[in-house]
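*Asks:* Handing you a structure now.
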Amino acid sequence: MAGLNHDDAVHHVAIDVTDAECVADALKQTERAIGGIDIMINNAGIAGPIAPSWEYPVDAWREVIEVDLNGVFFCCRAVLPGMRERNYGRIVNVASIAGKEGNPNAAAYSAAKAGVIALTKSLAKETPDLSISINCVTPAPVKTRIFDQITQEHIDYMLSKVPRGRFLEREEAAAMIAWMASEENSYTTGAAFDLSGGRATY
Numbered sequence: 001m002a003g004l005n006h007d008d009a010v011h012h013v014a015i016d017v018t019d020a021e022c023v024a025d026a027l028k029q030t031e032r033a034i035g036g037i038d039i040m041i042n043n044a045g046i047a048g049p050i051a052p053s054w055e056y057p058v059d060a061w062r063e064v065i066e067v068d069l070n071g072v073f074f075c076c077r078a079v080l081p082g083m084r085e086r087n088y089g090r091i092v093n094v095a096s097i098a099g100k101e102g103n104p105n106a107a108a109y110s111a112a113k114a115g116v117i118a119l120t121k122s123l124a125k126e127t128p129d130l131s132i133s134i135n136c137v138t139p140a141p142v143k144t145r146i147f148d149q150i151t152q153e154h155i156d157y158m159l160s161k162v163p164r165g166r167f168l169e170r171e172e173a174a175a176m177i178a179w180m181a182s183e184e185n186s187y188t189t190g191a192a193f194d195l196s197g198g199r200a201t202y
């Protein structure tokens with residue numbers, strides 16, 4: 001990690017994760033700049049509107065699925081051939097406790113994150129004989145800019161479901177993800193790591 005303190009150790013590429021060709025092009029740019037990708041953290045996401053399913057805008061549904069689920073698929077699809085060729089890789093998909101339990105008035109987000117969990121398990125079962133670990137985390141809400149997309153009422157509801165009585169800290173999520181992406185995580189694949197403060201215990 002010390003190497004990341006040097007400016008030339010970080011290569012930035014802005015991409016639209018909903019565009020498979022854009023993702024593939026970004027991969028090529030990255031490989032030219034720093035070589036093959038060994039670690040992929042899929043964390044791009046949007047919340048979408050808060051509304052009951054029968055009033056949920058169809059365009060908004062499609063947008064949430066495109067970003068939160070299809071984006072994860074496109075990124076995994078892009079990096080896996082190289083990981084398979086090198087017989088090494090770590091993929092961590094950021095799902096959500098909503099993907100396990102479903103949140104009312106957030107059907108698109110919940111469905112997309114449930115899809116991420118299932119996608120993670122499917123990909124892991126496609127690569128069991130390789131040194132590739134593909135897992136996901138199912139965190140409770142973390143105070144990020146995604147909170148700007150949802151109502152205070154919904155924020156209060158989410159907090160009321162967490163037995164710990166507080167939201168997850170970014171550093172707590174980062175520590176778990178860092179281990180999942182490390183060489184130490186050499187055995188577990190296809191797992192959903194719970195970070196819900198006791199909301200889910202399965």
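Sequential numbering from 1 applies to the sequence shown in my numbering.
Virtual Cβ for every residue (Gly too), placed ideally from N, Cα, C.
Source: prediction; values computed, not measured.
(1) Taking only runs of the beta strand (DSSP E) that begin and end inside the stretch 117-174, which ones reach a length of at least 3 residues, in chain order?
(2) Give me, in chain order, the residues of the same chain whose beta-carbon lies closer than 7 angstroms to that of F147; leave out the 5 immediate sequence neighbours on both sides.
(3) Report the option in F74, S122 and E169 whose CA atom is closest to the CA atom of D25.
(4) Within a Cβ cutoff of 7 angstroms, which residues of the same chain sit near H11, ignoring the five residues on either side of it in sequence?
(5) Nearest CA to the CA of A118: which residue from V162, A191, V13 and R84?
(6) Nearest-angstrom Cα distance between G197 and R166?
(7) Give a yes or no on whether the C-beta atoms belonging to V142 and G71 are separated by under 8 angstroms.
(8) Excluding the 5 residues preceding and the 5 following I177 in the sequence, name in chain order all residues of the same chain whose CB lies nearer than 8 angstroms to its CB.
(9) Is it right to say T127 is buried, meaning 16 or more other beta carbons lie within 10 angstroms of its own, or is it exposed?
(10) Thinking just about the alpha-carbon of each residue, which of P139, R164, P163 and S182 is nearest to the one in R170?
(11) Please list, in chain order, all residues of the same chain as M180 whose beta carbon is under 6 angstroms from its beta carbon, the five residues on each side excluded.
(12) Just list the residues that DSSP pairs V94 with in beta bridges.
(13) Can you name, in chain order, every residue of its own chain whose Cβ lies under 6 angstroms from the Cβ of I37, other than the five neighbours on each side?
(14) Taking the straight line between their C-alpha atoms, what separation do you get for P57 and A175?
(15) CB-CB under 6 angstroms to M100, same chain, minus the five flanking residues each way: which ones, in chain order?
(16) Buried or exposed: where does S133 fall if 16 or more other Cβ atoms within 10 Å of its Cβ makes it buried?
(17) Which same chain residues, not among the five before or five after C22, have their C-beta less than 6 angstroms away from its C-beta?
*Replies:* On the basis of the coordinates in this document:
(1) 132-139
(2) I155
(3) F74
(4) T30, A33 and I34
(5) A191
(6) 8 angstroms
(7) no
(8) I41, V92, V94 and V137
(9) buried
(10) P139
(11) V92 and N135
(12) V137
(13) V79
(14) 36 angstroms
(15) In the sequence as presented, Met is not what sits at residue 100; that position holds Lys. Cβ neighbours of K100 beyond the five flanking positions: T138 and A200.
(16) buried
(17) I15 and D16
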